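Beneath this line is the structure, given in structure tokens, with notes to follow.
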Amino acid sequence: MKEEPELYDKSNAANDKSEIGNTKLAALDKIRKQVRGNADNATGVLAKPIQQEELQLAWNEYAAKLKQEKNPAGQNFEMAELRVQDDNSFIA
Numbered sequence: 000m001k002e003e004p005e006l007y008d009k010s011n012a013a014n015d016k017s018e019i020g021n022t023k024l025a026a027l028d029k030i031r032k033q034v035r036g037n038a039d040n041a042t043g044v045l046a047k048p049i050q051q052e053e054l055q056l057a058w059n060e061y062a063a064k065l066k067q068e069k070n071p072a073g074q075n076f077e078m079a080e081l082r083v084q085d086d087n088s089f090i091a
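The opening position of the sequence shown corresponds to residue 0 in numbering that gives the first Met the number 0, with each subsequent residue numbered one higher.
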């Protein structure tokens with residue numbers, strides 16, 4: 000006796016993909032809210048805004064550490080140009 004192949008409903012597949020995408024976005028939004036909430040944590044310690052000079056100093060120290068450990072990424076860190084985007088983020 001020959002078995003009939005199962006029919007695949009493409010409309011359900013599209014719905015499944017959108018549900019997965021929505022789940023991922025919901026999880027990402029939850030993480031973002033937690034991070035924002037951590038800035039207002041109960042310890043009373045406020046996040047310090049990024050300063051170009053301090054960022055560059057810390058970056059150079061880390062690049063030197065990488066080179067000292069003979070990590071090939073050290074050269075890339077040395078060549079990177081840093082720009083402060085806002086109080087909490089920067090672009091390398």
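The beta-carbon is built from N, C-alpha and C at its ideal position, and this holds for glycine as well. It should be emphasised that the depicted structure is a prediction, and the values quoted were computed from it without experimental measurement.
Our two residues, K64 and L27, have alpha carbons roughly 33 Å apart in a direct line.
Nearest neighbour of S88 by Cα position, chosen from K47, A25, N70, turns out to be K47. The straight-line gap separating the alpha-carbon atoms of Y61 and K23 is approximately 33 Å.
Within the same chain, Q51, L54, Q55, W58, F89, I90, A91 come within 8 Å of L81 by CB-CB distance, once the 5 residues on both sides are set aside. The continuous stretches of alpha helix (DSSP H) do not include Q50, and DSSP gives it neither H nor E.
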